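Residue numbers for the sequence shown follow the UniProt record's numbering, beginning at 1 and rising by one.
Think of the CB as a built atom: it goes at the ideal place given N, C-alpha and C, for glycine as much as any other residue.
Keep in mind the model is a prediction, meaning the values are calculated, not measured.
First up is the structure itself, then whatever we jot down about it.
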Amino acid sequence: MQIQPFDLYLLSPELSLVVMALVVMAVDLFVKSRRVIAGVSLVGLLISAGFTISLALTHTGTQKAFSNMLIVDTYALFFKLIFLVIAAVMALTSYEYVGKYIKATGEFYALLLFSTVGMMFMASTTELITIYIALELTSIPLYVMAGMLRHDERSAEAAVKYVLLGAMSSAILLYGFALLYGLTGTTDLAGIAASFSKIAQGNMVVIVANILILAGFGFKISAVPFHMWAPDIYEGAPTPATAFFSVGSKAAGFAALIRVFMFGGLNAVDVSTTVIAFSIVAVLTMTLGNLVAAVQSNVKRMMAYSSIAQAGYILVGFIGSFATNRPEGNSSVLFFILVYVITNLGAFAGIIALANLTGGERIEDFRGLWQRSPALSLGTALCLLSLAGIPPMAGFWSKVFLFSAAWSLGQSWLVIVALLNSVVSLVYYGRIIKVMFFDKPVKEDRLVPTMGLSTALLLTTVALIVITFVAQVFLNVASPAASILLAR
1 MQIQPFDLYL LSPELSLVVM ALVVMAVDLF VKSRRVIAGV SLVGLLISAG FTISLALTHT
61 GTQKAFSNML IVDTYALFFK LIFLVIAAVM ALTSYEYVGK YIKATGEFYA LLLFSTVGMM
121 FMASTTELIT IYIALELTSI PLYVMAGMLR HDERSAEAAV KYVLLGAMSS AILLYGFALL
181 YGLTGTTDLA GIAASFSKIA QGNMVVIVAN ILILAGFGFK ISAVPFHMWA PDIYEGAPTP
241 ATAFFSVGSK AAGFAALIRV FMFGGLNAVD VSTTVIAFSI VAVLTMTLGN LVAAVQSNVK
301 RMMAYSSIAQ AGYILVGFIG SFATNRPEGN SSVLFFILVY VITNLGAFAG IIALANLTGG
361 ERIEDFRGLW QRSPALSLGT ALCLLSLAGI PPMAGFWSKV FLFSAAWSLG QSWLVIVALL
421 NSVVSLVYYG RIIKVMFFDK PVKEDRLVPT MGLSTALLLT TVALIVITFV AQVFLNVASP
481 AASILLAR
């Protein structure tokens with residue numbers, strides 16, 4: 001395989017970020033300054049974002065490189081920008097927390113960048129082996145980040161559980177990929193889609209492969225019954241790492257899952273059986289996530305189950321597109337993921353700020369926060385209202401678009417289940433807001449978040465407000481990215 005200069009240009013967002021991750025490690029050896037290391041990380045993310053935007057502006061359609069293993073299209077670019085935004089916000093929100101609790105500054109930021117590279121590859125490859133390698137590049141840094149509170153037994157437990165369950169899910173996913181390869185003789189998704197047109201309905205190998213792949217990716221998106229890792233790991237891991245798991249890992253998992261199932265044409269054979277499997281998982285994920293979240297007292301565990309429930313909503317939209325081979329469901333899914341990422345990052349910025357200032361992670365620690373830090377309370381509350389889908393917040397419009405698309409694509413019963421679950425979610429999101437604004441404060445003092453956390457919360461809140469007023473514009477941006485998955 002001969003590498004062309006243009007191939008390197010298509011790879012430039014990932015390549016530049018790898019270089020800057022290595023620079024962060026080198027700088028950490030000689031300059032023990034958290035500010036410098038965090039600054040270098042942000043510069044690396046900005047450079048990668050510049051290359052990504054350049055690719056978006058200068059190239060239309062689909063570009064392929066490295067024997068079709070790397071693909072650059074609107075779908076890949078959409079997710080790459082999301083991953084870079086996630087990493088940038090995490091670099092801001094984690095600054096104070098890393099210095100106070102983790103100490104290993106260089107390692108934390110280098111792992112953050114390497115995992116982001118893996119996520120970007122998960123969205124921009126159409127070859128099964130490369131998808132698997134990208135998945136491991138994403139996951140291994142996350143395993144380490146989960147255990148970076150070295151003197152906390154819960155953190156060590158979280159890391160061990162994450163490694164063991166992650167290894168199991170990777171093996172299951174790889175077995176599903178192996179079945180696809182054995183059936184079609186290729187690991188290229190376009191080649192698999194072409195081969196499926198010649199496979200008769202009722203082929204059990206296809207059904208088993210689909211279910212195994214769903215199980216493998218189900219771990220990454222924390223879908224029931226593959227969610228068992230999320231609550232304990234969210235609670236035990238450093239709070240910034242928890243925030244990164246809740247948005248980065250989930251978005252990357254969905255990016256790869258949608259690419260494999262839609263671009264790979266896995267709905268060409270026995271689609272009804274696979275749709276039933278997806279539907280069962282979606283219903284269980286929404287219902288268990290919301291019901292268990294409603295009885296949590298630790299805010300990180302509550303956010304873990306909230307994250308599980310959000311995965312169920314996303315699956316509803318995806319099922320609509322998968323069952324009909326139409327892009328409307330996936331368009332709404334991409335918009336929903338964008339809003340979810342921004343909203344969850346803002347909510348976790350508030351949680352991290354409280355942890356930095358008081359050391360508390362329980363819902364009762366939010367009592368009277370409005371009187372102690374009005375700006376922090378307001379920003380966090382807006383994000384929680386958006387997660388709950390309260391109008392006119394951006395989260396409301398993301399659910400309207402998602403449920404409307406799924407309903408129009410014949411998934412009315414799933415939409416009804418999702419709506420009922422959305423009502424349940426009001427209980428636990430509303431409980432935090434009630435505690436913040438109407439309960440007496442734990443102490444009569446003033447809490448002032450750091451500049452990084454304040455900036456992150458401000459940016460996410462402003463982004464939510466902007467999306468609220470121009471939601472249709474962002475949906476129109478997501479539509480071409482979803483449509484290109486059907487153009488093999």
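Given M228 as reference, the closest of V163, Y340, L369 once Cα atoms are compared: V163
Return yes when the Cβ of K250 is within less than 8 Å of the Cβ of A311, no when it is not. yes
Ordered along the chain, which non-local residues of its own chain (more than five positions away) have a Cβ less than 7 Å from that of R154? E235, G236
Whole-angstrom Cβ separation of M302 and Y428, contact assumed at under 8 Å? Indeed, because the Cβ distance is near 6 Å, the residues count as touching under 8 Å.
Would you give the residue range spanned by the alpha helix (DSSP H) that Q371 belongs to? 369-372
Three-state class that DSSP yields for V341 in the structure shown: helix
Look up L334 in the DSSP assignment and give the residues it is bridged to. When beta bridges are read from the DSSP output, L334 appears opposite no residue.
What does DSSP give as the partner residues of K80 in its beta bridges? Partner(s): none; K80 has no beta bridge.
Report yes if the C-beta distance between S246 and S307 is below 8 Å; otherwise report no. yes
Once the 5 residues before and after V415 are set aside, which same chain residues still bring their CB inside 6 Å of it? F403, A406, W407
Take A255 as the anchor and find which of L11, Y305, L485 has the nearest alpha-carbon. L485
Roughly how many angstroms separate the alpha carbons of F177 and E96, rounded to a whole number? 42 Å
I53 to F83 span [Cα, whole Å]: 13 Å
Since F108 and V98 are thought to touch, with beta carbons under 8 Å apart, how far apart are those beta carbons, to the nearest angstrom? 5 Å
Alpha helix (DSSP H) segments (min. 4 residues) lying fully within the stretch 34-66: Counting whole runs of 4 or more residues, the stretch 34-66 contains the alpha helix (DSSP H) stretches 34-58.
Only counting runs of 4 or more residues, tell me where the alpha helix (DSSP H) segments fall wholly within the stretch 229-301, in order along the chain. 230-236, 239-244, 250-258, 271-293
Enumerate in chain order the residues of its own chain whose CB-to-CB distance from F226 is below 8 Å, with the five nearest sequence positions on each side excluded. For F226, where only same-chain residues beyond five positions count, the Cβ hits under 8 Å are S169, A215, G218, F219.
Please classify D365: does DSSP put it in a helix, a strand, or coil? helix
My understanding is that N210 touches T274, with C-beta atoms under 8 Å, so please give their C-beta distance in whole angstroms. 5 Å
With a threshold of 8 Å between beta-carbons, can A463 be considered close to chain D, or not? Judged by its chain identifiers, the structure shown contains no chain D, having just a single protein chain.
Would L112 and F30 qualify as a contact pair, given that the criterion is a beta-carbon distance under 8 Å? no
Find out if the Cβ-Cβ distance for the pair V435, R367 is shorter than 8 Å. yes
Whose CA, out of L46, T358, I102, lies closest to the CA of S373? T358
Considering only their Cβ atoms, is the gap separating S115 from L70 smaller than 8 Å? no
Between the alpha carbons of A56 and F348, how many angstroms are there, rounded? Approximately 30 Å between the Cα atoms of the pair.
Segment contact flag, the stretch 132-140 with the stretch 72-81, C-beta cutoff 8 Å, min 3 pairs: The stretch 132-140, when compared against the stretch 72-81, does not touch it at the 8 Å Cβ threshold.
Check whether the stretch 201-210 and the stretch 265-273 touch, using three or more Cβ-Cβ pairs below 8 Å as the test. yes
Would you mind reading off the limits of the beta strand (DSSP E) that contains I129? Bounds of any beta strand (DSSP E) do not take in I129; it lies within the alpha helix (DSSP H) bounded by 128-146.
Give the secondary structure of I3 by DSSP, where H, G and I count as helix, E and B as strand, and everything else as coil. coil
Beta-bridge partners of L70, as assigned by DSSP: DSSP output for L70 lists A65 as bridge partner(s).
To which residues does DSSP link D188 through a beta bridge? Its beta-bridge partners are E127.
Can we say the stretch 7-16 touches the stretch 36-49, given the rule of at least three CB pairs closer than 8 Å? The answer is yes - the stretch 36-49 touches the stretch 7-16, with three or more Cβ pairs under 8 Å.
Using the three-state DSSP reduction, which class does I221 fall into: helix, strand or coil? DSSP, read as helix, strand or coil, puts I221 in coil.
Residue burial classification, T60 (beta-carbon count within 10 angstroms, cutoff 16): exposed
Reference A159, options D152, E127, R150, A146, closest by Cα: For A159, the nearest C-alpha among the options comes from A146.
From F322 to G346, what distance separates their C-alpha atoms? 31 Å
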